[in-house]
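Below is one structure, written out as structure tokens; the observations come after it.
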Ligand code: HEC
Ligand code: HEC
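Residue numbers (mature numbering (1 follows the signal peptide of the UniProt record, and there is no 0)): -30 to -1, 1 to 239.
Okay, structure coming up:
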């Protein structure tokens, strides 16, 4: 005992203890670091799910059920995936308000961080389409012409040839696609909201979705560029017909009035 305390008082004792402690910490770190990182990711993920669950309980459970199983006021969310949540909440469709033919877009009330948490929670209920990454939805370098072709065969019957949208049956409508972000366009194709069919990667691979996004961005981009003259709102035959009626007939009437006025004048003199 005497010996130990004597040694402890040795001037180098503190340094030795410090070195031993450092070595131990370093060793422990080396042993546990890789596992630690994976664990940190897992913890972050379960934290997001936990936070999402709380947001869900307040904002969504009344219609979609406490465990996402659905109620008479809203469908089951088991297996809809994070992409569906990101689309529905990110475009302001959810949380829904009044019942109606179609849930409309509204002001988005959650931050993107909260939307991610809600999405993490819903994704934890059952596997479904995953929110795409920025790289997946980036239309840079995509084939616009092919996108136009794909759009005309798959989307134009509802959204019109330039994505202006249009009415469907029973008070439903396909919205105008102008200003919709590439991510939300991608997610709409992945998940098929409401009366829109879904275009999963198995039938429409990532590259084709990118081509379509590039096409939509192109037709909605530069308003001053329209190959056939004035765009007339891009609504097709209806507005073009209206244009012909108003301007064409207007011009005819003007000519008739002019001719009549001149004949009258000619008679008088
Ligand atoms: C007032 C009731 C109501 C509330 C509140 C509500 N929803 Fe919905 N939700 C609906 C209805 C109804 C639909 C189905 C719309 C349709 O497809 O016609 C729906 C559809 C969805 C879908 C699409 C499901 C699919 O099959 O693709 C998602 C995702 C969703 N809701 C998430 C949420 C989230 C997340 C919240 C909370 C932030 C929420 N909802 C709040 C009523 C509600
Ligand atoms: C059968 C008709 C139909 C077809 C075909 C269709 N859609 Fe839709 N689309 C809709 C309807 C209806 C909605 C609105 C759904 C909602 O509000 O939940 C919609 C919504 C969208 C939205 C969301 C727009 C917004 O304002 O948030 C995008 C993007 C979209 N569609 C893109 C496409 C693309 C791209 C295709 C072709 C690959 C396509 N749609 C094919 C009917 C259709």
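By construction, the Cβ of each residue, glycine as well, lies at the ideal position given by its N, Cα and C atoms.
Residue(s) in a DSSP beta bridge with residue i
| i | result |
| --- | --- |
| residue 143 | 137 |
| residue 44 | 41 |
Distance cut-off 6 Å: residue i Cβ against heavy atoms of ligand 1
| i | result |
| --- | --- |
| residue 43 | yes |
| residue 74 | no |
| residue 29 | yes |
| residue 101 | no |
| residue 64 | yes |
| residue 54 | yes |
| residue 164 | yes |
| residue 123 | no |
| residue 139 | no |
| residue 58 | yes |
| residue 322 | Given that the chain is displayed from residue -30 to residue 239, the structure contains no residue 322 and the question cannot be resolved. |
| residue -12 | no |
| residue 88 | yes |
| residue 173 | no |
| residue 13 | no |
| residue 36 | no |
| residue 161 | yes |
Residue i: CB within 6 Å of a non-hydrogen atom of ligand 2
| i | result |
| --- | --- |
| residue 144 | yes |
| residue 131 | no |
| residue -6 | no |
| residue 32 | no |
| residue 158 | yes |
| residue 61 | yes |
| residue 147 | yes |
| residue 150 | yes |
| residue 85 | no |
| residue 182 | yes |
| residue 79 | no |
| residue 169 | yes |
| residue 155 | yes |
Nearest candidate by alpha-carbon position, reference residue i, set the options
| i | options | result |
| --- | --- | --- |
| residue 62 | 159, 178, 13, 150 | 150 |
| residue 174 | 125, 24, 41 | 125 |
| residue 28 | 41, 220, 65, 131 | 65 |
| residue 75 | 143, 120, 139, 39 | 143 |
| residue 94 | 12, 129, 165, 162 | 12 |
| residue 181 | 38, 165, 118 | 118 |
| residue 102 | 227, 161, 15, 167 | 161 |
| residue 136 | 157, 165, 98 | 165 |
| residue 116 | 35, 177, 226, 222 | 177 |
| residue 53 | 234, 228, 170, 233 | 170 |
| residue 108 | 83, 152, 34 | 152 |
| residue 133 | 184, 140, 87 | 184 |
| residue 159 | 42, 36, 130, 57 | 57 |
| residue 42 | 48, 32, 50 | 32 |
| residue 82 | 60, 67, 92, 90 | 60 |
| residue 26 | 217, 55, 7, 229 | 55 |
| residue 21 | 6, 92, 128 | 92 |
| residue 85 | 99, 23, 127 | 23 |
| residue 98 | 35, 128, 48 | 48 |
| residue 190 | 229, 148, 122 | 148 |
Worksheet item: Which full runs of the alpha helix (DSSP H) of 4+ residues lie inside the segment 43 to 94, going along the chain?
Response: Correct list: 51 to 60.
Discussion item. Quick check on the DSSP output: what are the complete beta strand (DSSP E) runs of length 3 or more inside the segment 98 to 135, in order along the chain?
Written reply: Within the segment 98 to 135, not a single complete beta strand (DSSP E) segment reaches 3 residues in length.
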